[in-house]
Amino acid sequence: METKSTKIGPYEIIREIGRGGMGVVYLAKHPTLGINVALKAMYPDPSRQKDDPDLSAARERFIREAQITANLNDPHIVRVYDYGIDEKTGVLFIVMNYIDGGTLKDVLNSKTKLTLEETLKIVIPIAKTLQYLHSRGIV
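Mapping of the sequence shown onto our numbering: residues 1424 to 1562, in sequence order.
Structure (structure tokens):
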């Protein structure tokens, strides 16, 4: 989604940093703190009416994602600072801490084979985080 303005809600959009099944993630600037944040915006679907039950369910899942993630406390899970609806466009958004660096996909694609030590540095934190999420009834 290309924004017609440079803002979603009060957040100034700097650039797109990724896309997923439900939306697009932007690097944005927090309006009062002046820090970079990651802003995930739910894809708008102009073909659907606001009272469409499928759209309502998707919006509820998006909001639930923000609320659940905001209540997690793990060093390997991003912090949620805010969520809301852009008043001009109706786009739902979640604001999280921005972590500068590549993705797991980038790491896996950067080499033909990871060493055992490199693999363990990736897998162990993932396993611990999954254990934490499981203990909270999330996975």
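In this text, a Cβ means the ideal position worked out from N, Cα and C, and glycines have one as well. Being a predicted model, the structure only gives us computed values, none of them experimental.
State buried or exposed for residue i, treating a residue as buried only when at least 16 other CB atoms are found within 10 Å of its CB.
i: V1562; result: exposed
i: A1480; result: exposed
i: L1462; result: buried
i: G1524; result: exposed
i: L1515; result: buried
i: G1446; result: buried
i: I1547; result: exposed
i: A1464; result: buried
i: A1489; result: buried
Judging by CA-CA distance, which residue of the options is the nearest neighbour of residue i?
i: R1484; options: G1457, I1517, I1436 and N1459; result: I1517
i: R1559; options: V1546, I1491, L1537 and L1450; result: I1491
i: V1448; options: T1455, N1494 and I1437; result: I1437
i: H1499; options: L1527, K1536 and R1487; result: L1527
i: I1431; options: L1537, L1456 and E1510; result: E1510
Contact check, residue i vs residue j under 8 Å by CB: the rounded distance?
i: D1477; j: Y1555; result: Actually they do not touch by this definition, with Cβ atoms about 32 Å apart.
i: V1530; j: I1545; result: 7 Å
i: P1467; j: P1454; result: Between P1454 and P1467 the Cβ distance is about 22 Å, and since that is not below 8 Å, they are no contact.
i: V1460; j: Y1521; result: 5 Å
i: I1440; j: L1450; result: 5 Å
Residue i by DSSP, collapsed to three states: which one?
i: V1503; result: strand
i: E1510; result: coil
i: N1459; result: strand
i: N1532; result: helix
i: L1478; result: helix
i: L1495; result: coil
i: V1448; result: strand
i: I1545; result: helix
i: L1537; result: coil
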